[in-house]
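Here is the structure we will look at, set down as structure tokens.
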Amino acid sequence: MIEQGPTSQSYISQRTKLHYADWGNPDAPPLILLHGGRDHCRNWDWTAERFRKDWHVICPDLRGHGDSEWNNNGVYSTMGYVYDLAQLIHQLGLAPVTIVAHSLGGNIATRYTGLYPDNVRKLVTIEGLGPSPKMIAQRRERPYGGLWTSWIDKKREASSRSVRKYATFEDCLQRMREANSYLSAEQARHLTLHAVMRNEDGTFSWKFDPHLHAWPPDDVPTKGQHALWAAITCPTLMIYGADSWASNPEKDGRLAHFGPNVKVSEYERAGHWVHHDRFEDFVAEVGAFIA
């Protein structure tokens, strides 16, 4: 049970007002908890509650997510998110900072750490390396123009339909539990409560921008990503769930692109959200690693 929550703060990046939750204790070392795609900063509440006494915990909402503003053009690039993280750390004077990041957040955090290795003290990612080598190979098999026409089709679809509405909060809660069957009743309710907004007609909708489903195909090339990974110098822990769809870098070869300060930890009975699925074991391992 969360007894006392964080304060809501904001900063400006790329002419956009972005939100973050600040758990106080500003004299303690800074710790950023960065969420994944179509998620929100309050998914870290349990983790932040455990670490707030020893750390100054800051949990940003990525643009287009949670209580941060949406992009007017509905286009979101990974390097755009990297810039937002760079601005947060720069504006708040957080470097050297410790970062714990999930999924898309992990992809963002590893790129930032490769660009600014001296700014990150320690890094923990939960299934945060982006598409697996198999997925990248499948994309290469498709005609280049087809990648872009597919994106255009998805953008048109997102533009032509209204934001999905749910008649009741319980309908949203059910969808949350369908997305992750490992969640406890308390976890699912808390995550859903902070993930939805109430519409004028009384219905509920998710806070994230529907255009997030249309991911632009242009990005840093694979060799460029490998170069950024190789530039990471801080101790790094990569966490994976044995029951997840995500590809483990220790098994798919991606770990070879990192230096010697990186280790991988895999959790049984856990899916993509290891920090929820195996919470007690997760906070124990991460707490010891970042101490």
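All residue numbers for the sequence shown refer to the UniProt record's numbering, where the first residue is 1 and numbers rise by one.
Heads up, the beta-carbon is just placed ideally off N, CA and C, and yes, glycines get one too.
As the structure is a computational prediction, the values presented were derived from the model and not from experiment.
Scanning the region 195-242 from its first residue to its last, the whole beta strand (DSSP E) runs of 3-plus residues come out as 196-198, 204-206 and 236-241. If you check the CB distance, G241 and E266 come in under 9 Å. With a beta-carbon spacing of about 6 Å, P217 and W151 fall inside the 8 Å limit used to define contacts. Note on R42: 16 or more other CB atoms within 10 angstroms of its CB, so buried under the neighbour-count rule. Counting only the Cα atoms, A48 lies some 27 Å from Y76. Annotation: the continuous alpha helix (DSSP H) that includes P133 extends over P133 to E141. Straight-line spacing of the CA atoms in A167 and P29 works out to 43 Å. Judged by pairs of C-beta atoms under 8 Å, the region 108-124 does not touch the region 141-148, as fewer than three such pairs exist.
Taking the Cβ atoms as the reference, D61 lies roughly 18 Å from H90, outside the contact range of under 8 Å.
If you check the CB distance, V57 and A95 do not come in under 9 Å. In the structure shown, L129 falls within a coil segment according to DSSP collapsed to helix, strand and coil.
If you check the CB distance, E69 and K17 come in under 9 Å.
Within the DSSP secondary-structure output, K122 pairs in a beta bridge with T98.
In the displayed model, Q9 falls within a strand according to three-state DSSP. In this structure, L104 lies away from Y83, with their beta-carbon atoms at least 9 Å apart. Here the alpha carbon of I108 sits roughly 25 Å from the alpha carbon of N25.
A distance below 6 Å between beta-carbons, with the five flanking residues on each side excluded, links S13 to the following residues of its chain, in chain order: D84 and Q87.
Residues of the same chain with a CB within less than 7 Å of the CB of H275, apart from the 5 flanking positions on each side, are T47, H102, I126 and F282 in chain order. In this structure, DSSP gives S247 a state outside helix and strand, which the three-state scheme calls coil. Contact annotation: G37 and H65 have beta-carbon atoms nearer than 9 Å.
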